[in-house]
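Numbering of the sequence shown is given in the numbering used here, commencing with residue 156 and proceeding in unit increments. Positions of the beta carbon are idealized from the N, C-alpha and C atoms, including for glycine.
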Amino acid sequence: MLPAGDITGALESREQKRAELKGRNMAEPRPLRTPDQTPDRTPEGSPEGTPDPLGADLPEATPGYKPPVPKTLQELHELDQDDESLTKYKKSLLGDARGSHDEGGLNVVVTRLTLLCDTAPKPMTLDLQGDLQAVKKQVFELKEGVDYKIKISFKVQREIVSGLKYHQVMTRKGITVDRASFMVGSYGPRPGQEQEYVTALDEAPRGLMARGTYSIKSSFVDDDQNVYLSWDWSLTIKKDWSG
């Protein structure tokens, strides 16, 4: 993972540049809230012709964040070629992706969503490359109070993608109970390889009032508000694991 825009300028400090190149998760997940605890809405932009269905329902992931100036993969490979150390570092991040395999379609292909929970009796994975209407009917189950993470698996096919974000809006009985926006980061293409983003550890709500089924609308977008995928899924909080 790398912030593509950070290597587009001349190096003032190699150490500083490397720190910027690494990137980091800039938004932490939040537990479910009751309706009166949800934050005020902060509208986000929409891509021309393809609006993000969740844009107006989400807080700003990183206040004051400004997207970097876009650069092609070729341009980044050609930057600072006289700096041997940086060239090696760029290769470790970018690889030799200029000849990467292209499956066609969008530059970013979202493949799976997985709920990670050490105490779950079985894997919980959504295949996002198939029928999204079938995905909408799938319901994950979590025992109240357990710790869990969300993992998004995806491929970057051709060019570096800058500022990927994972958005989700959670509702129960038609009432919004949580909105979250996670800064995933910027990534270069990896030939034939999936890349992953995992949220920080979160805790499922507990108590009688928290039990029930939640509807979740998710989307995966970038700094330019290109929507690579949006999908619906459900999560049920129970007193104990089924079975």
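Mind checking who residue i pairs with in its DSSP beta bridge?
| i | result |
| --- | --- |
| Ser-308 | Arg-267, Glu-351 |
| Thr-280 | Thr-269 |
| Asp-378 | Partner(s): none; Asp-378 has no beta bridge. |
| Asp-302 | Glu-358 |
| Glu-296 | Thr-391 |
If you check the beta carbons only, do residue i and residue j fall under 8 angstroms apart?
| i | j | result |
| --- | --- | --- |
| Asp-302 | Glu-358 | yes |
| Tyr-352 | Val-263 | no |
| Ser-317 | Ser-336 | no |
| Ser-389 | Ser-373 | no |
| Val-265 | Leu-283 | yes |
| Leu-319 | Asp-379 | no |
| Phe-375 | Ile-330 | no |
| Glu-270 | Met-279 | Contrary to the premise, residue 270 reads as Leu rather than Glu in this sequence. Yes, they are a contact pair. |
| Ala-355 | Ile-392 | no |
| Ser-397 | Glu-296 | yes |
| Asp-387 | Lys-291 | yes |
Considering Cα atoms alone, identify which of the options is closest to residue i.
| i | options | result |
| --- | --- | --- |
| Lys-310 | Gly-343, Ser-374, Lys-393, Thr-354 | Gly-343 |
| Gly-367 | Val-316, Lys-298, Lys-320 | Lys-298 |
| Asp-273 | Ile-305, Trp-388, Val-265 | Ile-305 |
| Leu-261 | Lys-393, Ile-315, Thr-331 | Ile-315 |
| Tyr-267 | Gly-285, Pro-276, Lys-277 | The sequence given here places Arg at residue 267; Tyr does not occur at that position. Taking only the C-alpha atoms, the option nearest Arg-267 is Gly-285. |
| Met-338 | Lys-292, Leu-281, Tyr-321 | Tyr-321 |
| Ile-371 | Met-279, Thr-280, Met-325, Gly-259 | Met-325 |
| Pro-346 | Leu-271, Arg-313, Val-290, Ile-392 | Arg-313 |
| Gly-362 | Arg-334, Asn-381, Gly-300, Gln-350 | Gly-300 |
| Asp-333 | Lys-277, Ala-289, Pro-360, Pro-276 | Pro-360 |
| Gln-323 | Gln-348, Glu-349, Tyr-369 | Tyr-369 |
How would you write the range of the beta strand (DSSP E) that residue i sits in, first residue to last?
| i | result |
| --- | --- |
| Leu-384 | 382-393 |
First and last residue of the alpha helix (DSSP H) that includes residue i?
| i | result |
| --- | --- |
| Gln-288 | 287-292 |
key: Whole beta strand (DSSP E) elements within the segment 310-376, 3-residue minimum   = Taking only runs of at least 3 residues, the beta strand (DSSP E) segments lying wholly in the segment 310-376 are 316-327, 330-342, 350-353, 367-376.
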